[in-house]
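Top line first, the protein sequences correspond to chains A, B, C, D and E. Everything in the first sequence is counted per the numbering used here, starting at 279 for the first residue and increasing by one. Everything in the second sequence is counted per the numbering used here, starting at 4 for the first residue and increasing by one. Everything in the third sequence is counted per the numbering used here, starting at 787 for the first residue and increasing by one. Everything in the fourth sequence is counted per the numbering used here, starting at 1237 for the first residue and increasing by one. Everything in the fifth sequence is counted per the numbering used here, starting at 110 for the first residue and increasing by one. Quick reminder that beta carbons are idealized off the backbone N, C-alpha and C, glycines included.
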Amino acid sequence: MSQSELTMSTGHEVLMESSPYGMEKKKLGMWIFIVSDACTFATFLFGYGYMRVGSQNWGTPFEFSSILNGIIMTFVLLSSSLSMLAAVRATQAGQKASANKWLGLTMLLGTVFAILHLREWFKMIGEGWRLFYNPLGGAAQFGACFFSVTGLHLTHVISGVIALAFIARGYNQGRYDSSHVETAGLYWHFVDLVWMFVFPLMYLMNAAR
Amino acid sequence: MSSNQELSMGSYAGIVIGLMIIVGIEVVLTYQHLSVRTLLFALLCLASLEAFVGVMYLMHVKYENRLLFWTIFPATLFVLVLLNYLWPDAYRMARMSLGR
Amino acid sequence: MKVGRKVVALTSALLIFAFGLLYSGRTVSAASTGQVTGTVKLDGTAPHQKPIDMGKEPICAAVHKDKPVTTENVVVGANGGLANVVVYISQGLTGNEAAAPSQPVQLEQKGCQYLPHVVVVDAGQHLKIVNADQTSHNIYAQATKNPPWNKSQPPGAQPLDASWTNEEIAIPVKCNVHPWMHAYVVVVKGPYGVSDDSGSFKLDVPPGTYTLTAWHETYGTQTQNVTVAAGKPAAVNFTFKAK
Amino acid sequence: MHDMTAHAAAHHAPPQGFIRKYVFSVDHKVIGIQYTALGLVSAFIGMALSWAMRIHLAWPTASIPFLGTLSPNGAPGGVPTPEYYLSLMTMHGTIMAFFLLTAAPMAGFGNFMLPIHVGAADMAFPRLNMASFWVTFVGFVLACATFFIPDGPPLSGWTAYAPLSAVGAVAGPGQGWGQNLWGLSIALFCVASLLGALNFIVTTIDLRTKGMTLSRLPLATWAWFINAWVSLLAFAVLLPTCLLLVLDRLGGTSFFIPGGLVINDKMLPHSGGSPLLFQHLFWFFGHPEVYIIILPAFGIVAHVMPTFTRKPLVGGWKVITYAMAAIGGLSFVVWGHHMFVSGMSPYMAMVFSVPTLIITIPSVIAVLVFAFSLYGANMRFTTPMLFCLGFISLFISGGIGGFFLAQPAVDSYLHATSFVVGHFHFTMGLSAVFAAFAGFYYWFPKMWGRMMNETLGKIHFWLSFVLVYCVFMTLHLMGLTGSVRRYSQFVADFMVPLTPTNRFITIAALLLGATQFIFFYNVIWSRFKGPKAADNPWQATTLEWDTTSPPPFDNFGGRQMTVYHGPMEYDGDAFVMQTSTEKSIAGT
Amino acid sequence: MPGKVFAVVVVIITLAIGYCVVAHVWWMPVDISVHGPNIDHQIEETVFGAGILFIAGQLVLAAFSFLYGDSKGARKMKSFPGGAKPLIIFAFVVVGIEILVLSFVGSKAWGSVYFTPPDPNSVRVDVQAGQFAFYFRYPGSDGKFGPLHPELINEGSQNFFGLDTDHDADSKDDIVTAELAIPVNKPVLLTLHSKDMGHSFDVRELRVQQDFVPGIVIPIHFTATQTGKFEIVCTQLCGLGHYNMKAYLEVMSQPDFDNWVKQQAAMQ
């Protein structure tokens, strides 16, 4: 219920100070959420670093196959960012059909990422990895750090896909416009950029070299 | 609306491919038998570069109002820098532990 | 409709009869009690029991100033008799033993020590815990087969009450505030006997053949079979090897 | 600039039906009242807990009425056991610090007043605002539920230090499901505060009406804005800490539990964690938290005082706002002073001691601005004004303790003594609560449309002010003997002679608690029978006094609010409303 | 009228507090350690400095409240001469100086405890804090501490440290006591480790307070200058028995200490 709705109910223009950021309040809200979520991820990663420094036998358990899987997931997520950009461009240009196409592709790529990720999780769980058990004899903390950091990121990806679904449905029904899609795009790019830190710190640092 | 038409889709694709290339470099670096410390430093620098490019271009901060840049970056970096106060105690934990 | 009513009357009569039998059955066999007596010996020298330093709690240290207190893991009487051994029936219970005594067993905390060191209760029987010291104790019964039980008892508080339902041969009890305070609560079903300083114990058991098990906190358990005839006490002796 | 095209969303029509109007309402005023009510309920629960604690400390064998029935195994026969005393202390700290001191002044008054102060119809995201209240409410219910579960409430203090809080039920009574619920409750509170802070920031930036430039923002709004940034970054760190704690307890991980711990002769299946990580992450949030509690108090006093001194604050809006911003910024750099003696490396102690001393400078500037704004004033001694004066005196007394505890050498003696208890009760407990009282008495006419009774208010002030010094200054100075905090009984030889002092504190604390019922009665009576309040009972200048009390659904009845002046246009009995086009008389 | 009453009340309260502090109604116990005087000096200096700021602040508040009460006549407002600038200067200058002095002098006191290396031939005692009791371990005649095996800890048989006297040669002569005895005027080095929770080692008279952090060993060193029996209390919340977690520190002359150790060794 932004100011502009007020105009409709009271019939005359409500004059407001211009926002120093010069952007939709939805986008400003999303940016401030991104700042706080970045700090939350940072705390998880600092905890992981603290555990790793403090432990004697951390071990580097990831074979090249998991690293390859990680690379594919990263490329999937990056391309989903690209398709998200295209979707935003399409909604701003008002092309409903291509917007739906691109939004569908973004959601698909997001789901592929989630599936690849869960497949790897279950492979590791199959190998005996638990939240606090390291089948290779290394520090048992590895499972805790790995599953908690990637789990938080996976939750963000899945909730991102669900949010995109709602935004797409609302957009098709005309309730949402390009600013809503752009805000969802911001969230999606943020989730992608967090993966830019999670992938090297969690996968590459633990690659068996 | 904020003028985000500066970059064509083609250049966005170029940026995303650039990010993919950086990820490739990271992977190559991983298998270069560097010491853990230098590898970590390299990976963090590359990841920060990716994040910076991602925020500035993919998320339009470059074309938004200057104030947005000067709000989000100082706030986040403020917390990131201050969290580094943890490291002396992490090493203390490793050095003085009872070996368990 | 008439058949239904007849059936109801028949079953209720049967029920009353069965209940009556069950109830009377219990008291029928109380009269002819057999007895098992015996002694528990320790073969070898008892391990050195360390003296307890109660420096942390001056109230209790003052109580034991003249006679220093040692740990009670192995208590050996004058003639080598092993104390604190619980002898109970592990097999052969026929269910018509004497009913569990109703009045509660007392576990007293005096001079920052549990008296007695090993206390035996029947399943379902109540244990009365008294704090006779001027300092707070917390009674932590680390039961595994029963729910664990951890309560504090400030000085002068009214006695606490505890009871355990299923049999557990040794529930270690400790006080967190005074780490040297240790005791065992042994929850058994049926008759039991605890060996005193001289190592002798006594069980009241109806006639029949049973397997007796003797449990000690440090030396574990031993079993022996025994047949008890009415009116003639059967003698059973146990010997534990001192490692 | 804005995309002013008509939106298809349902327009801002006032809701019908009781549920929509009062329970699940998206109106910031209703949500503000809900938060304030939650704060009042937490205040009385916290006070009852502190009563039980104080009575137990003074007369350890006394049977406390109702406590025996409330929790038969925690306090058999009304006499709390040592672990139950620690649970009372833990829940007193948690409920007071989170659900009263963080929620009421910031989210309670802030939600009600911020949109009106900036001239908006509602918060930027009304549904998000409603969601953040109900998440806080669920957190509050979880926290109170810990009293009624078999495991009993947690006993590891509101700080919940690591192995005691992370190891699980084996750590002793209260550490079973009580601690899990505590962790979830605080995690939910973090989520709610993050959403609330986000709402405050966007509303203050984006929804200011015409003419309401940043320099004309009322000072309470400035405080809530700065506070929103501080809580945004601080709660963002407490949320993962709570998640890791719950993961440690339920997931079997050991982020905070090192290896080799033995409890009841059994080794724990944990290894690799560090309690210092928990302390760092908790206090990284912990110290900004105490400034999250005191900044709204600064804002409320800076907003209320000019109305009754009839002159602007010395230095205008700039000095106090920069001081608050400096405090907000520095609050992130000082958390180590909580850990001087708790195992942190001693070199870090110096690194944290200097900024802790430096943060006293903006605090002193703020106090000086408040004190010297009284110079040459023509003070009207209404209840809000008295509470503001009380705030200044209490904050000076509280701030002095900071000089001691900021130095590692002195802290090595005074750490974890009742000196610290006195210090944080003065700053967090009393100054914040006196400012909240000032805000409550000041905005009651606007929130409920009725005037509160002045004589009852004054009695409440004078009794509270004197008793507060009796209770907490005695506790503060008693700490110099080294009497340790968080003890459920005084058995140590050097603390037994302090029993008469403790009895004095308890009696004063009971009287102090009783005086709060005068306030409670005043609130209930005035709410229904108080005299009708005019639109501007205090002749104040800010926007909330420019509309009816209580304000209509869209705050200004559709009028276009245009602001021409700053918030402090006072000169004796003359004053200029922010929206009036007259010439400014105080040059702000 | 209320302004004058408020001023009087504040003045009375300030004087009462000033009296309580100056007359040492509640004050630190006499110090018995070498580094203690530094800390006492630091506390007294802070009391003096902060006390002046406290009294000045309260009296200024009382004065303004007394002078500028609600006079019915519409008096002309006076604003503070010079606006906020002098206040800011005062804050930066006065509080700034106080900060420099306190942090500079303070660092010397702090350094004397934590940055000066322990005396090599000081009496070494290993201190273990566990749920609700301190236990102390002396190296015994061989001067070496045996290794610790937490899995062997068995309170029932008084094996509090988890010593394996059968296999470890060094553990055979280690002496475990519930009381900390140290010789007077000799440097003592304690190594603090915790068995289960976070605890704290606090002796008021020694002006020493250091937490036990489970997982790491923290060394602290001091020298006692007076004989007597002092109380060691735990100041870090560690569970239900926290209020009763104490032990006694006995400072003895060297001969007394030697035969105390012999006597404890006999009781092992």
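- Per DSSP, reduced to three states, the secondary structure at tryptophan 1761 of chain D is helical.
- Checking the DSSP bridge columns, you'll see glutamate 894 of chain C partnered with C/Leu901 and C/Val916.
- For the stretch 830 to 862 of chain C, there are no residues whose beta carbon sits under 7 Å from a beta carbon of chain D.
- For alanine 927 of chain C, the secondary structure class from DSSP, reduced to helix, strand or coil, is strand.
- The C-beta of glycine 1572 of chain D comes closer than 8 Å to at least one C-beta of chain B.
- For glutamate 954 of chain C, the three-state secondary structure derived from DSSP is strand.
- Contact annotation, methionine 1448 of chain D with glutamate 1780 of chain D: C-beta distance approximately 13 Å; criterion of less than 8 Å not satisfied.
- Of the candidates D/Gly1626, D/Asn1500, D/Ile1594 and D/Cys1478, the residue whose Cα lies closest to the Cα of alanine 1533 of chain D is D/Gly1626.
- Here DSSP, grouped into helix, strand and coil, assigns isoleucine 1754 of chain D to helix.
- A contact between stretches requires three or more CB pairs, one per stretch, nearer than 8 Å, and the stretch 853 to 871 of chain C meets this requirement with the stretch 816 to 835 of chain C.
- Contact between the stretch 1386 to 1406 of chain D and the stretch 1341 to 1357 of chain D is absent: fewer than 3 CB-CB pairs across the two stretches fall below 8 Å.
- Under DSSP, histidine 1574 of chain D takes part in no beta bridge, so it has no partner.
- For proline 298 of chain A, the nearest CB of chain D lies under 8 Å from its own CB, placing it at the interface with that chain.
- For aspartate 140 of chain E, no beta strand (DSSP E) encloses it, and the DSSP letter there is neither H nor E.
- One thing to note: tyrosine 1757 of chain D has its Cβ no nearer than 8 Å to the Cβ of phenylalanine 173 of chain E.
- Within its own chain, the residues whose Cβ lies closer than 6 Å to the Cβ of threonine 857 of chain C, once the five positions on either side in sequence are excluded, are Gln835 and Lys836, listed in chain order.
- Alanine 1356 of chain D and glycine 463 of chain A have their alpha carbons spaced roughly 28 Å apart.
- Closest in C-alpha terms to phenylalanine 1639 of chain D, from the list E/Trp136, E/Trp135 and E/Glu154, comes E/Glu154.
- Separation of phenylalanine 310 of chain E and methionine 1580 of chain D (C-alpha to C-alpha, rounded to the nearest whole angstrom) is 15 Å.
- Taken through DSSP and simplified to helix, strand or coil, threonine 1445 of chain D comes out as strand.
- Residue state for histidine 1506 of chain D is assigned as coil, using DSSP reduced to three classes.
- Here DSSP, grouped into helix, strand and coil, assigns isoleucine 403 of chain A to helix.
- Linking aspartate 273 of chain E to glycine 239 of chain E through their CA atoms gives a straight-line distance of about 19 Å.
- Residues of the stretch 298 to 325 of chain E with a C-beta less than 7 Å from any C-beta of chain B: His302, Gly324 and Ile325, listed in chain order.
- Flagged as an interface residue toward chain C: threonine 1317 of chain D, by a C-beta distance shorter than 8 Å.
- Contact with chain C is found for proline 1409 of chain D, since one of that chain's Cβ atoms lies less than 8 Å from the residue's Cβ.
- In the DSSP assignment, glutamine 237 of chain E falls outside any alpha helix (DSSP H) and lies within the beta strand (DSSP E) extending over 232 to 239.
- Within the stretch 1706 to 1739 of chain D, the residues whose Cβ lies closer than 7 Å to some Cβ of chain E are Met1709, Leu1713, Met1714, Leu1716, Thr1717, Gly1718, Val1720, Arg1722, Tyr1723, Ser1724, Gln1725, Val1727, Ala1728, Asp1729 and Phe1730, listed in chain order.
- For serine 333 of chain A, at least one C-beta of chain D is nearer than 8 Å to its own C-beta.
- In the DSSP annotation of this structure, the continuous segment of the beta strand (DSSP E) that includes asparagine 936 of chain C starts and ends at 935 to 939.
- Close to threonine 286 of chain E, with beta-carbon spacing below 8 Å, are these residues of chain C in chain order: Asp839 and Gly841.
- The C-beta of serine 426 of chain A has 16 or more other C-beta atoms within 10 Å across all chains shown, which makes the residue buried.
- In this structure, methionine 1366 of chain D and isoleucine 1267 of chain D form a Cβ contact; the two beta carbons are roughly 6 Å apart against a cut-off of 8 Å.
- The C-beta distance from threonine 1372 of chain D to leucine 1274 of chain D rounds to 7 Å, short enough to fall under 8 Å.
- At a beta-carbon threshold of 9 Å, the residues of chain A lying near valine 19 of chain B are Leu356, Ser357, Ser359, Leu360 and Leu363, ordered along the chain.
- Collapsing the DSSP output to three states places tyrosine 1649 of chain D in a helix.
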